[in-house]
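One structure below.
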Amino acid sequence: MKRQRNSQDILPPSVRIIATVFLLIFALIPIIYTVLLSVTPDSEISDGTHLIPSHWAFSNYIEMWTTVNLGQGLFNSLLISLTASVIAVILAVGAGYVISRFKFHGRLPYLYSLIGLQTVPGVMLLLPLFVLFASIQAVLHIKLVGTYQAVIVTYLTFALPFATWLMVSYLGSIPIELEEAALVDGATRLRALWSVIVPLVLPGVVVALVFSFLTGWNDVLFASVLTAPETRTIAVQLQAFSSAQEGGGLPLYGQLMGASVVSALPVVILYMVFQRYLIGGLTAGGVKG
Numbered sequence: 001m002k003r004q005r006n007s008q009d010i011l012p013p014s015v016r017i018i019a020t021v022f023l024l025i026f027a028l029i030p031i032i033y034t035v036l037l038s039v040t041p042d043s044e045i046s047d048g049t050h051l052i053p054s055h056w057a058f059s060n061y062i063e064m065w066t067t068v069n070l071g072q073g074l075f076n077s078l079l080i081s082l083t084a085s086v087i088a089v090i091l092a093v094g095a096g097y098v099i100s101r102f103k104f105h106g107r108l109p110y111l112y113s114l115i116g117l118q119t120v121p122g123v124m125l126l127l128p129l130f131v132l133f134a135s136i137q138a139v140l141h142i143k144l145v146g147t148y149q150a151v152i153v154t155y156l157t158f159a160l161p162f163a164t165w166l167m168v169s170y171l172g173s174i175p176i177e178l179e180e181a182a183l184v185d186g187a188t189r190l191r192a193l194w195s196v197i198v199p200l201v202l203p204g205v206v207v208a209l210v211f212s213f214l215t216g217w218n219d220v221l222f223a224s225v226l227t228a229p230e231t232r233t234i235a236v237q238l239q240a241f242s243s244a245q246e247g248g249g250l251p252l253y254g255q256l257m258g259a260s261v262v263s264a265l266p267v268v269i270l271y272m273v274f275q276r277y278l279i280g281g282l283t284a285g286g287v288k289g
């Protein structure tokens, strides 16, 4: 009988260790360099002759908060991204449940449209969305462009299709017998969905939530057009920060790198908190059974 080889037996342990170390160094070099630049005086960064700063400029992390309103940008990004991701996941769970449990006309075209929407470049939707918001604004005499609501709805157009497709995959892998048992015990469909199905697809919910959050957090294009100065996200604030100068036109590279480090912290924390769900959640929905 032929013995099945483990995938880890293909490469010797020494080769696996060397490859892992190499990939780790390759991934960490940009991060380490960014952190180093954030505590380097601007004059030394402009010279380009110092890889390691002659003295540590930790004051960059203090001064950057007064140079540009980063605090407001962080608040706006958290508010917009969290709201859009939570709404996207709630709607995606409901849509995924209906699609995976019921047969109806238009079901397959709807599923195909979810895939099709992922192929449309975001820049092609910028003008139509802006015109749509401006037209609604003119007809209903309410302000949309420059508000949180307009940006949240915009991010939903990208986050919702991905989250829905992901939840269809997860919900389709849950045996319908579990739900039927809950219905026999007197639970409503909504109760069965919330109490029985959702706990089983929690890894998928977390994956959809994280990726929907990143859709809003990393966006610059739509936020730069659809936000006002008081609703600018951290990405737009960083874009404005990159052109900020002080005294003789010396670019504030140290403060810019410090602001970049601070803006990346929420995403790092998010990954660390939901790490165990993300590792299993990215592949678990693809297994039917």
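So for the sequence shown, UniProt numbering puts the first residue at 1; every next one is plus one.
Idealized CB from N, CA, C, for every residue including glycine.
Predicted, not measured: the structure shown is a model, and the values here were computed from it.
| request: Would you decide whether F241 is buried or exposed? Buried here means 16 or more other CB atoms lie within 10 Å of its CB. | output: buried
| request: Look up residue 323 in the DSSP assignment and give the residues it is bridged to. | output: Missing from the structure shown is residue 323; the chain here goes from 1 to 289 and no further.
| request: Classify M272 as buried or exposed, calling it buried when 16 or more other Cβ atoms lie within 10 Å of its own Cβ. | output: exposed
| said: Let me check understanding here. Comparing Cα to Cα, which of I90, P251, Y277, W65 lies closest to I45? | reply: P251
| So what does DSSP say about P41, is it helix, strand or coil? | Residue state, collapsed to three classes: coil.
| query | With 16 other CB atoms within 10 Å as the buried threshold, where does I80 fall? | reply | Counting other Cβ atoms within 10 Å of its Cβ, I80 reaches 16 or more and is therefore classed as buried.
| If you draw a straight line from the alpha carbon of Q255 to that of E63, how long is it in whole angstroms? | 7 Å
| query | Straight-line CA distance for G73 to V35? | reply | 21 Å
| field | Inter-residue spacing [alpha-carbon to alpha-carbon] between R276 and P203 | value | Distance from the CA atom of R276 to the CA atom of P203, rounded to whole angstroms, is 9 Å.
| query | So V86 is in the alpha helix (DSSP H); what residue range does that whole segment cover? | reply | Residues 70 to 101.
| task | Report the residue ranges of all alpha helix (DSSP H) runs contained in full by the region 125 to 187; include only those spanning at least 4 residues, in chain order. | result | 148 to 172, 176 to 184
| 7 Å Cβ shell around L171 - same chain, five flanking residues per side excluded | G96, Y97, S100, I197, V201
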